[in-house]
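Notes for the one structure printed next.
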Amino acid sequence: MQNMDDALRLLNPWWEDGKVSEELAKSYKRESFKKMQEFKKYKQIIILTGLRRVGKTTLLYQAVKELLNEIHAKNIFYFSFDKEVDDIVELFENYKELTGVDYKKEKISVLFDEITKFKLWASELKLIYDACPNIKFYISSSSSINLEEEAIKNLAGRYFLINICPLNFKEFLELRGKEKIIKNYKLYYREIKREFFSYLKRSFPETVSWDNELVIKDYLRTTIIDKIIKSDIPERFNNINKKLLFTLLDLFFKEPGFYLDYDNLSKSLRISKNTLYPHIFYLEFCYLIRIIRNFRPSTLSASRKLQRVYPYWWNLAYCYGENNDKIIESFVLSTIDGNHYWRDIEKEIDFLKIDGKNIIPIEVKNKEIIEERELNTLRLFMDKYKIKKSLVLYLGDENIKKCNSGVIQFIPFWKWLLEKDKN
Numbered sequence: 000m001q002n003m004d005d006a007l008r009l010l011n012p013w014w015e016d017g018k019v020s021e022e023l024a025k026s027y028k029r030e031s032f033k034k035m036q037e038f039k040k041y042k043q044i045i046i047l048t049g050l051r052r053v054g055k056t057t058l059l060y061q062a063v064k065e066l067l068n069e070i071h072a073k074n075i076f077y078f079s080f081d082k083e084v085d086d087i088v089e090l091f092e093n094y095k096e097l098t099g100v101d102y103k104k105e106k107i108s109v110l111f112d113e114i115t116k117f118k119l120w121a122s123e124l125k126l127i128y129d130a131c132p133n134i135k136f137y138i139s140s141s142s143s144i145n146l147e148e149e150a151i152k153n154l155a156g157r158y159f160l161i162n163i164c165p166l167n168f169k170e171f172l173e174l175r176g177k178e179k180i181i182k183n184y185k186l187y188y189r190e191i192k193r194e195f196f197s198y199l200k201r202s203f204p205e206t207v208s209w210d211n212e213l214v215i216k217d218y219l220r221t222t223i224i225d226k227i228i229k230s231d232i233p234e235r236f237n238n239i240n241k242k243l244l245f246t247l248l249d250l251f252f253k254e255p256g257f258y259l260d261y262d263n264l265s266k267s268l269r270i271s272k273n274t275l276y277p278h279i280f281y282l283e284f285c286y287l288i289r290i291i292r293n294f295r296p297s298t299l300s301a302s303r304k305l306q307r308v309y310p311y312w313w314n315l316a317y318c319y320g321e322n323n324d325k326i327i328e329s330f331v332l333s334t335i336d337g338n339h340y341w342r343d344i345e346k347e348i349d350f351l352k353i354d355g356k357n358i359i360p361i362e363v364k365n366k367e368i369i370e371e372r373e374l375n376t377l378r379l380f381m382d383k384y385k386i387k388k389s390l391v392l393y394l395g396d397e398n399i400k401k402c403n404s405g406v407i408q409f410i411p412f413w414k415w416l417l418e419k420d421k422n
């Protein structure tokens with residue numbers, strides 16, 4: 000009991016001094032914070048999900064700072080499930096004994112960090128949510144699939160989900176004090192190009208101002224990749240082969256866009272497919288990889304064959320080498336949150352952005368000049384499926400070319416990002 004009391008005091012310093020430090024609640028507010036504030040007025044649970052180190056805990060502490068202007072400090076209860084507990088109701092009783100706040104009657108705000116580390120989190124949270132309408136919950140998790148499955152099963156109609164991503168380009172520039180570039184990126188062409196390549200390596204909030212790229216790589220590997228494989232996955236699943244997980248990441252991250260053939264891969268690794276399948280799933284589960292599928296517009300279905308594997312967030316691949324063409328390709332996929340590409344015999348289009356029946360083919364080129372022959376497959380796809388618009392994202396100038404069925408838009412990466420971040 001005393002250990003838990005000490006932990007609660009340590010995690011909730013505002014109970015004593017009414018303050019939360021700027022080291023915990025950073026002064027810069029991201030777009031996701033504004034979204035969280037919009038949802039605050041509703042009874043529903045606010046759920047923050049996303050990869051490790053993207054800033055979920057910072058957002059919770061920023062919420063605490065705002066709440067300190069609205070309710071008494073002892074009515075704000077933060078807990079991280081990095082510390083093991085046996086029962087959430089018992090945790091509330093500890094809180095009540097320590098603060099004197101009757102959580103069953105008084106208006107309180109509860110912020111639970113990494114809640115899915117507690118296996119029965121959804122059912123216990125539902126029990127308290129339904130029994131105590133006076134409690135406003137904010138929760139976070141780095142395990143997206145588990146969180147969403149349990150939320151759908153146990154908390155239907157009781158939550159708003161906010162997916163926290165690494166910094167977008169606009170946020171990155173603001174944190175670097177480069178607001179002038181955002182307002183007039185045409186004038187600052189050379190500078191924005193430099194900042195774009197810097198952003199590709201520094202989209203995690205803590206790394207924005209770091210100069211040493213070796214330190215950045217070590218940070219990504221030790222605080223994200225190693226933590227997930229050595230701690231997060233074994234805590235959630237049984238019979239984990241950590242060596243296999245690292246081997247798979249080595250394959251996937253050294254060659255983003257890896258063609259996934261389970262038969263060949265199981266043979267080359269000398270393991271059964273029954274072992275391979277779950278270990279690839281674990282990497283998906285914890286936001287380390289994403290798998291995209293070959294799209295067949297004629298049947299509106301995705302082929303199970305020729306799946307491709309990319310890092311979930313592109314800069315994780317920097318730890319495994321600097322294949323800039325593939326990393327920029329991964330960056331576009333992460334940014335559009337894509338699920339499909341297209342391949343037919345030897346012809347291939349990098350990605351398809353699909354919104355209902357609307358399909359936008361996207362080609363990614365790490366160059367300033369695009370040869371006409373490089374557009375042949377794009378034109379073929381557009382003509383075959385009557386596509387009105389396609390995108391070529393590259394390092395050159397903005398341009399438009401007409402083809403038989405529509406137009407091909409050429410957009411530099413930085414303009415595409417800044418225009419996208421406005422929406």
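At position 144 of the sequence shown the residue is numbered 143 (numbering that gives the first Met the number 0), and the sequence of numbers has no breaks. All residues carry an ideal CB built from backbone N, CA and C; glycine is no exception.
**OP:** Please work out which residues of its chain come closer than 7 Å, Cβ to Cβ, to residue 320, disregarding the five sequence neighbours upstream and downstream, and give them in chain order.
**Re:** 253
**OP:** With a cut-off of 8 Å on the beta carbons, I'd call residue 333 and residue 317 a contact; round off their distance for me.
**Re:** About 13 Å separates the two Cβ atoms, so there is no contact after all.
Subject >> Inter-residue spacing [alpha-carbon to alpha-carbon] between residue 8 and residue 14 >> reply: 8 Å
Original post:
Whose C-beta lies closer than 8 Å to the C-beta of residue 59 among residues of the same chain, with five residues either side of it excluded?
Top reply: 47, 77, 110, 112, 137, 139
**OP:** Assuming residue 142 and residue 292 form a contact by the criterion Cβ under 8 Å, report the distance between their Cβ atoms to the nearest whole angstrom.
**Re:** With a Cβ gap of about 23 Å, residue 142 and residue 292 do not count as contacting.
**OP:** Kindly indicate which residue of 322, 240, 219 has the alpha-carbon position closest to the one of residue 257.
**Re:** 322
Subject >> Among 169, 378, 205, nearest to residue 25 - alpha-carbon criterion >> reply: 205
Original post:
Looking only at C-alpha atoms, which of 416, 244, 135, 397 sits nearest to residue 62?
Top reply: 135
Subject >> Where residue 308 falls: helix, strand or coil (DSSP) >> reply: strand
Original post:
Which whole-angstrom value describes the C-beta separation of residue 247 and residue 279, a residue pair presumed to lie in contact below a C-beta threshold of 8 Å?
Top reply: 7 Å
Original post:
Since residue 257 is in the beta strand (DSSP E), which residue starts that stretch and which ends it?
Top reply: 257 to 259
Original post:
What's the C-alpha gap between residue 417 and residue 53?
Top reply: 20 Å
**OP:** Provide the residue(s) that pair with residue 163 in DSSP beta bridges, ordered along the chain.
**Re:** In the DSSP output, where bridge partners are listed per residue, residue 163 has none listed.
Subject >> residue 231 versus 284, 340, 189, residue with shortest Cα-Cα distance >> reply: 284
Original post:
Using a Cβ-Cβ cut-off of 7 Å (strictly less than) and excluding sequence neighbours within five positions of residue 423, which residues of its own chain qualify?
Top reply: Nothing can be reported for residue 423, as the shown portion of the chain is limited to 0 through 422.
Subject >> Residue from 88, 97, 149, 65 with nearest C-alpha to residue 130 >> reply: 88
Subject >> Short CB-CB distance (under 8 Å) between residue 161 and chain B >> reply: Protein chains in the displayed structure number just one, and chain B is not present.
**OP:** Taking the CB atoms as reference points, tell me whether residue 178 and residue 186 lie closer together than 8 Å.
**Re:** no
Original post:
Just to confirm, are residue 369 and residue 392 a CB contact at a threshold of 8 Å?
Top reply: no
**OP:** Give a yes or no on whether the C-beta atoms belonging to residue 193 and residue 44 are separated by under 8 Å.
**Re:** no
Subject >> C-beta contact flag for residue 409 and residue 351 at 8 Å >> reply: no
**OP:** Could you check how far apart the C-beta atoms of residue 255 and residue 326 are, in whole angstroms? I think they sit under 8 Å.
**Re:** 7 Å
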